[in-house]
Amino acid sequence: MNNVLVLAKKEIRSYFASPIAYIVLGIWALIFGYFFYSATAIFVDYSMRAMMQRGQAPPMNINDFIIRPLLMNVSVIVLFFMPMITMRLFAEEKRMGTIELLLTSPLRDIEIILGKWLAAMVLYLCLLGITALNMVFLFIHGKPDWRPLLVGYLGLILLGAAFLGIGAFISSTTKNQIVAAALTFGVFLMLWVLDWVSSYSTTPAGKVIAYMSITQHFEPFAKGVVELKDAVYYISVIFLGLFLTVRSMESLRWRA
Amino acid sequence: MIKVEGLTKRYGPHTAVNNISFEVAKGQIVGFLGPNGAGKTTTMRVLTCFLPPTEGSATVAGFDVMQEPLEVKRHIGYLPETPPLYPEMEVDEYLEFTGRIKGVAKTEVRGRVEEVTERCALGDVRYKLIAKLSRGYRQRVGLAQALIHNPDVLVLDEPTAGLDPKQIIETRKLIHGLSGDHTIILSSHILPEVSTTCQLVIIINQGKLEAIDTPDNLTARLQGHETVFLEVDGPPDDVAARLQSLDGVSRVTRKDGHGGRVSFDVETGKDPNIRSRMARAVIESGWNLHELRSVGLSLEEIFLKLTTAEGDKEEAAGGAS
């Protein structure tokens, strides 16, 4: 456990020593800020109109009109940011030869992997932190229900952890960061659109494929509902990703 | 301290290391000598548990590299050919990190960092970014990293490659100062490098072990030796005796022949006419001579390769004239 923390600390430091962390966080803040402002502005506009035509429109709710769509947006935009976080995890060490240092130090493979994954999680939590900062304004100027919001963030954390597990695995298969990023992006995009299958196929195979879609499982969380099958899905994907990374590290020794 | 038995490493159809065995006693400095691509790095990578052997076994400090890799790694400090450095880190920070991942306790790591910083003369650059360091300093940081957990065994892959002459001398001194406390294996493709620092030299070529000896003995053995391969149709013992009786032949070794022929490895002194005299001796005795050639790459030729590739003339002359 100690080794995991030592490695995570080093990894977080190198995120912030390179421009990656600042670029990811900066662009993220800008994009999410725009989404947040738009959603709020539209909400304010609608509720003004609703007030003027009192009685005709049902009362509007911040949770349904701002928070839920925003959380759904976040679950999609992270897709574009994740590859930037995970691409360097192993690919860079392999290219620089520093992987030789890690693999000849008395560390277990799983410690190396967990350390790196944890560091990526920390950067991802920083992204979520920026969104939470925006959400604070809703509490200052309104009275949204905080419980569904909390569940939404729980969902985002699970979703991110799953993405990062897969990203870590892909990064461990190549020396080239661009290859890692492109592959990761492709895989994430597929996992996102996989649930389209459910709209034209009702066969059991179609259902299974749709179940594999990573963003579909997020919808209940965004509504503030925790369903066991969704939590199980994310946790299994996290384990699968980390397990594949372990295997990939082992094969590195046999093939190198 | 180190024991390697029948070590073989294959990459697909290519055999990088072929059935190598050797032993290194505690406190010795051992030089791995061989031309580029001889299998030095592969052997070192097996010893440091970076690669598993295809066949054979290796133990370091009493631990098997396959059975107890974590223990082996705890007892080994390894400097790969290119020092494994993180350019975005400061030297001090890097050493602290490597100390921690090599199992130095949190309370002791500062003391260790101080010690290796001093030992490797890194005081001037300890708060500099590694990205800004010169090659010589990078090599020293790499060495400091290998020493940080005070390992019993140090494995140094080409520790002086790419350094300027002054840095080479400094590095040699540093390595020499480390012997005694540590058992050291270092590799090089330059003869003088090894003959000045090592007590034992292991020569490998194309994955095969060619010789293990002290630098002095090797030089003596090499003073004008050549091995000639002969294949002859004739009574084996008579042929051997006839060859042995020739002037300048020091040793005749019989090998398995086939189809009624006998083969010999004949070690001879340095004599440009020896081969023609051998041929005449065989023919005049009434036997058929099927083949006569100088054997592959003799130890001396390997030495020549090693000494002429790089390195200074004087020491090369001492090694292989």
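Line by line, the protein sequences give chains E and W.
Here numbering that gives the first Met the number 0 is used: the first residue of the first sequence is 0, the next is one more, and so on.
Here numbering that gives the first Met the number 0 is used: the first residue of the second sequence is 0, the next is one more, and so on.
Backbone N, C-alpha and C define an ideal beta-carbon position, used for all residues, glycine too.
In this structure, does DSSP put lysine 115/E in helix, strand or coil?
helix
DSSP bridge partner residues for isoleucine 211/W (one or two, in chain order):
Ile201/W
What number of angstroms, rounded off, separates the C-alpha of glycine 36/W from the C-alpha of arginine 12/E?
Each residue's CA atom was taken as its position, placing glycine 36/W and arginine 12/E some 37 Å apart.
So, do the stretch 136-153 of chain W and the stretch 116-128 of chain W have three or more beta carbon pairs nearer to each other than 8 Å?
In short, these stretches touch, since the Cβ pair count reaches three.
Does the CB of threonine 214/E have a neighbour CB from chain W at under 8 Å?
no
How about glycine 266/E and leucine 70/E: do their beta carbons lie closer than 8 Å?
Residue 266/E falls outside the range modelled here, since chain E spans only 0 to 255, and no answer is possible.
Pick helix, strand or coil for isoleucine 177/E, following the three-state DSSP scheme.
helix
Applying the 10 Å Cβ sphere with the 16-neighbour rule, what's the burial state of arginine 99/W?
A buried status is given to arginine 99/W, since no fewer than 16 other beta-carbon atoms sit within 10 Å of its beta-carbon.
Could you list which residues in chain E have their beta carbon closer than 9 Å to that of lysine 8/W, in chain order?
Within 9 Å Cβ-Cβ: nothing; lysine 8/W doesn't reach chain E, min ~11 Å.
Start and end of the beta strand (DSSP E) containing asparagine 287/W?
287-293
Applying the criterion that 16 or more other CB atoms from any shown protein chain within 10 Å of the CB defines a buried residue, is serine 293/W buried or exposed?
exposed
Which of helix, strand or coil DSSP assigns to tyrosine 93/W
Here tyrosine 93/W sits in helix by DSSP.
Can you find the residues in the same chain that come closer than 7 Å, C-beta to C-beta, to glycine 223/E, ignoring five residues on each side of it along the sequence?
For glycine 223/E, where only same-chain residues beyond five positions count, the Cβ hits under 7 Å are Arg146, Pro147, Val150, Gly151.
Looking only at DSSP bridge pairs, what is lysine 254/W linked to?
The partner list for lysine 254/W (beta bridge, DSSP) reads Ser262/W.
Which class does asparagine 60/E belong to by DSSP, given the choice of helix, strand or coil?
Assignment of asparagine 60/E by DSSP, reduced to helix, strand and coil, places it in the coil class.
What residue range is occupied by the uninterrupted alpha helix (DSSP H) comprising leucine 71/W?
Correcting the residue identity first, residue 71/W is valine in this sequence and not leucine. From DSSP, the alpha helix (DSSP H) with valine 71/W extends over 68-74.
Alpha carbon to alpha carbon, what distance is there between phenylalanine 168/E and isoleucine 177/E?
15 Å
Using the Cα positions of valine 245/E and alanine 160/E, report the straight-line distance between them to the nearest angstrom.
Linking valine 245/E to alanine 160/E through their CA atoms gives a straight-line distance of about 16 Å.
Against chain W, which members of the stretch 13-28 of chain E pass a CB distance test of less than 8 Å?
Ser13, Ala16, Ser17
If we call anything under 8 Å between Cβ atoms a contact, is alanine 330/W one with tyrosine 77/W?
Outside the modelled stretch of chain W, which goes from 0 to 320, sits residue 330/W, for which no answer is possible.
Quick one: give me the first and last residue of the alpha helix (DSSP H) that histidine 175/W is part of.
164-177
Residue range of the unbroken alpha helix (DSSP H) whose run includes phenylalanine 21/W
First-last for phenylalanine 21/W: 13-23, but that is the beta strand (DSSP E), not the alpha helix (DSSP H).
Neighbour-count burial assignment, serine 249/W, 16 or more Cβ in a 10 Å radius:
Exposed.
Whole alpha helix (DSSP H) runs in the stretch 89-160 of chain E with 4 or more residues, listed along the chain?
98-102, 108-140
Starting from aspartate 232/W and walking both ways along the beta strand (DSSP E), at which residues does that stretch end?
225-232
Neighbour-count burial assignment, valine 140/W, 16 or more Cβ in a 10 Å radius
buried
At the 8 Å Cβ level, is cysteine 119/W part of the contact set with chain E, yes or no?
no
Contact list for arginine 252/E against chain W, beta-carbon separation under 9 Å
Cys48, Phe49, Leu50, Pro51
Residues that lysine 9/E contacts on chain W, provided the C-beta gap is smaller than 7 Å:
Phe96
Where does phenylalanine 49/W sit, in a helix, a strand or coil, going by DSSP?
Looking at phenylalanine 49/W - three-state DSSP - the assignment turns out to be coil, as it is neither helix nor strand.
Coil, strand or helix - glutamate 313/W by DSSP:
Model confidence at glutamate 313/W stands at a pLDDT of 38, short of 50, so the residue's coordinates are unreliable and nothing is read from them.
Out of curiosity, what's the CA-to-CA distance linking proline 203/E and tyrosine 210/E?
10 Å
Can you pull the chain E residues whose beta carbon is under 7 Å from the beta carbon of arginine 253/W, in chain order?
The premise fails here: arginine 253/W is roughly 42 Å from chain E at the closest Cβ pair, so nothing lies under 7 Å.
Pull the bridge partners of lysine 2/W from the DSSP assignment, please.
Glu22/W, Thr58/W
Glycine 38/W and threonine 7/W closer than 8 Å at C-beta
no
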